[in-house]
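Contents: one structure, followed by commentary.
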Amino acid sequence: MTARRSGLRSSRYNFCVPLGEGDSVLYNAGSGASIRLAGTDVAEIVKLLCGPPRNVATRTIPAALLASLRRGGFLVEQTLDEVAAIRERYWVARGRTPMVLTLTTTQDCNLGCYYCYEERSRAALGAADIPAILDWTRERLAASGKDSLHVDWYGGEPLLNIAFIELASIALQSLCNELNVSYSASVISNGTCWPDDVSGFIRRHRIRQAQISFDGLKANHDKRRRYRRGRAPEPGTSSFEQAVALVDRLLEVVHVDLRFNSDRGNSDDLEPLVAFCRERGWFDRPFPCVFQLARISDYSARSGFMSQAKLSEDEFERLRERARHLVPNENNLDETTTRSIYPLPRTSVCAALADDSIVVGADGHRYRCGLQVGEKNRPVAFTRKDGPMLPGPDAPWWDAFDPTRQPNCSRCSFLPVCWGGCPKKHLEGDTASLHEQSLYWRKALPQKIAWQFGVVMEESTFTFSECDQFR
Ligand code: SF4
Ligand code: SF4
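This note's numbering puts the first residue of the sequence shown at 145, with every later residue one more than the last.
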C-alpha cells in the first residue's frame, strides 16, 4: 500500500454535492460509489479530488478514508485510462443488453396528432412476414445464447392491426417455449381501439407494460388527438374518453405508463391532468399508474416544424419540478423525472444499439431505432421481394457508434451514466439536443445523489457547472 501511494490520482468522474450544514457527498460516476463527508476537512478533500484529474499525495489522508476512496474509484492508479475502461464496459453492454424485437404492426393511425412524426400509410405487417421474423429471432437467440425475448408492439397505432398481433404473438411465444426462452411484451398505444376483453388480450399476449399517450385533459386532448376523417367509431367520439376508459381497465391487470405529451400549448394541463388521475384512483390501483412526462419534440427530420412549440430544456425542467410536487409518490414518476432512482453507471444500451435487437417496420425493412421507421434512407436492412435483404447505408454507422470516441462525450464526466444519450441524435448531428442532455445531467445528477442521503434538492439549490462536466 505504501509503495503505491505516490501512484494515485483523482478520478475524472468524481463529483461533490453539497447537502447543506457543511455536509457533502462525494460521488463517482464511474463506479456509482458515494461517501458522505462531514467536518472541517471537507473543503480540502473536495478540492483535492474534484476537478481535473491530478496526482494525489495520500500521506495526509487517514487510512480508513483512503481505503474507501480507493474502493469507490475516487482515487485510481495514475496509469489507468478511465475512458478506455468505460469503453470496454460499453462494448460488453452492447452484446449483453436483453433482446428486444420491435414490431411495427402498421404505419396507419386512426388519429391525426398535429405533431406526429410518423409517415402514415396503409403499410402493415401480415401473416406472410411472420416466417422471416421467426427465422431472425431463432437465429439471434441461437447466436447470442440469450434466454429472454421482449417484443414491443409499435405503430402507427399497433392495435389497428390486431390480427397480426394475434398471429405473430402466438408464433413468437411458441418459438420461445420450444427454445426454453422467457417471453414478455409491451405496447405503445393511443388507447382508442382495444378489444373488449382487455384482460384476456393482456394475458394472452403476456403484455407486462402498456404506454398510453395523453395530450392533456379532454379539451386539449380531443383537439390535438382528433380522429382522422372517417375514422371515429361514431361521430363525436372523444379519443380522451376512449383512452380514459381503457386505462381504468388496464390498471387492474398491467403496468401502465401514462405519457403526457407536453409542449408550450398544453403544459398548463399538467396540474388538472394529475388531479384527474388522482380522482380516478389511478395511483392506487393494483398496478399503480406511472406518470411519464414527455416533451413533444422534433423527433425526426419530418417534424422540424415542432421547434417553435417545443418546450426548452429549462421550461421542461420546471414542468418536471411541478410534476414532482403533484404526483403523490416518486415511484409514480418516470425514470427521468423521479429523483429516487440512484444514478448507477450504465450496464445496458438502448435497443437501437443492442447487438441482438431490431425494429421491423410496417414496410418490412429493418431499422435500429423505432423513431426512424418509414424514413427512406434509415433502414439498416432493406427487404426485397426476391432475394436476400440489402444492407442500408447507415448500418456501418450503428455498428461502430461509440460514445467514448465522440469529441464531447469522451471528455464528459457524465459519460458513465449517460453514454452519449440518444445515438440517433449523434447520427443526425443534432448538437442542440445533445447539449440539452448535458443540461439535464447538470441538474438531475445532484438531485438524484442528494435524494439517497435523505435530502430533497430543488433545481434552484444546486447544479453542476460546465467545468464540473468537462475537465
Ligand atoms: S451529457 Fe452530453 S456530452 Fe456528456 S455523455 Fe451525455 S451526451 Fe455526451
Ligand atoms: S435512445 Fe434514441 S436511438 Fe435509442 S431507441 Fe431511443 S430514440 Fe432510438
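Ideal Cβ placement from N, Cα and C applies to all residues, glycine included. Computed from a predicted structure; not experimentally measured.
Simplified DSSP state of residue i, which is helix, strand or coil
i      : result
Thr246 : strand
Arg149 : Note on Arg149: pLDDT 48, under 50, position unreliable in the model; the coordinate value appears next. Helix.
Gly164 : strand
Gln353 : strand
Tyr171 : strand
Ser265 : coil
Arg510 : strand
Arg375 : coil
Tyr157 : coil
Gln516 : helix
Arg615 : coil
Ala525 : strand
Val561 : helix
Trp338 : coil
Ser635 : Beyond the ends of the chain as shown, which are 145 and 615, falls residue 635; an answer cannot be given.
Arg555 : helix
Val599 : coil
Arg180 : strand
Ser411 : helix
Leu255 : strand
Ser484 : coil
Ser318 : helix
Phe358 : strand
Val220 : strand
Residue burial classification, residue i (beta-carbon count within 10 angstroms, cutoff 16)
i      : result
Ile230 : buried
Glu461 : buried
Phe608 : buried
Val391 : buried
Ala506 : buried
His365 : buried
Glu610 : exposed
Gly514 : buried
Trp563 : buried
Trp585 : buried
Ala147 : Residue placement at Ala147 is poorly supported in this model, since its pLDDT is 45, which falls under 50; the coordinates are not used for a value here.
Thr281 : buried
Leu534 : exposed
Pro377 : exposed
Gly344 : exposed
Phe614 : exposed
Thr204 : exposed
Met145 : Residue confidence for Met145 is low, a pLDDT of 45 falling below 50, so the modelled location carries little weight and cannot support an answer.
His579 : exposed
Whole-number beta carbon distance between residue j and residue i, since they are thought to touch under 8 Å
i      : j      : result
Tyr298 : Thr241 : Not confirmed; about 18 Å, so no contact.
Tyr486 : Lys592 : 6 Å
Leu455 : Ser383 : In fact, because the Cβ distance is near 23 Å, the residues do not count as touching under 8 Å.
Cys566 : Leu559 : Not confirmed; about 14 Å, so no contact.
Ile277 : Ala312 : 7 Å
Start and end residues, beta strand (DSSP E) containing residue i
i      : result
Trp426 : Neither: Trp426 is in no beta strand (DSSP E) and is coded neither H nor E.
Leu303 : It is not in any beta strand (DSSP E) - Leu303 carries neither H nor E in the DSSP assignment.
Ser456 : Neither: Ser456 is in no beta strand (DSSP E) and is coded neither H nor E.
Leu492 : Looking at the sequence provided, one finds Ser at residue 492 rather than Leu. Ser492 -> no beta strand (DSSP E), and no H or E assigned at all.
Leu583 : That residue, Leu583, is in no beta strand (DSSP E); its alpha helix (DSSP H) goes Thr575 to Gln596.
Ala329 : Ser326 to Ser333
Arg403 : His399 to Ser406
Arg439 : Val434 to Arg439
Arg240 : No beta strand (DSSP E) holds Arg240; the alpha helix (DSSP H) holding it covers Glu226 to Arg240.
Leu571 : From DSSP, Leu571 is part of no beta strand (DSSP E) but of the alpha helix (DSSP H) over Pro567 to Leu571.
Val504 : Ile502 to Val504
For residue i, the nearest candidate out of the options (CA to CA)
i      : options                           : result
Gly216 : Pro489, Leu463 and Asp478         : Pro489
Ala467 : Pro275, Thr281 and Phe435         : Phe435
Glu283 : Pro196, Leu319 and Ala187         : Leu319
Asn254 : Gly508, His399, Leu278 and Arg375 : Arg375
Ala182 : Ala312, Val388, Gly166 and Ala453 : Gly166
Pro540 : Val524, Gly531 and Arg528         : Val524
Ser411 : Gln386, Asp401, Gly360 and Val388 : Gly360
Ile189 : Gly176, Leu209, Ala173 and Ala177 : Leu209
Cys337 : Lys568, Pro197, Leu304 and Glu385 : Leu304
Glu396 : Ala354, Glu603, Gln386 and Asn475 : Ala354
Gln222 : Trp426, Arg198, Leu213 and Ala211 : Arg198
Asp273 : Thr248, Val493, Asp574 and Asp458 : Thr248
Arg555 : His509, Tyr157 and Leu152         : Tyr157
First and last residue of the uninterrupted alpha helix (DSSP H) at residue i
i      : result
Glu385 : Ser383 to Leu394
His365 : Lys362 to Arg368
Asp279 : Ile274 to Ser288
Arg215 : Ala207 to Arg215
Arg348 : Val342 to Arg348
Glu188 : Val186 to Leu193
Pro540 : Ala539 to Ala544
Ligand 4 heavy atom lying under 8 Å from the CB of residue i
i      : result
Cys513 : Questions concerning ligand 4 fall outside what the structure shown contains, since the ligands it does hold are ligand 1 and ligand 2.
Neighbour flag for residue i against chain B, beta carbons, 9 Å
i      : result
Ser492 : Of the protein chains in this structure there is only one, and it is not chain B.
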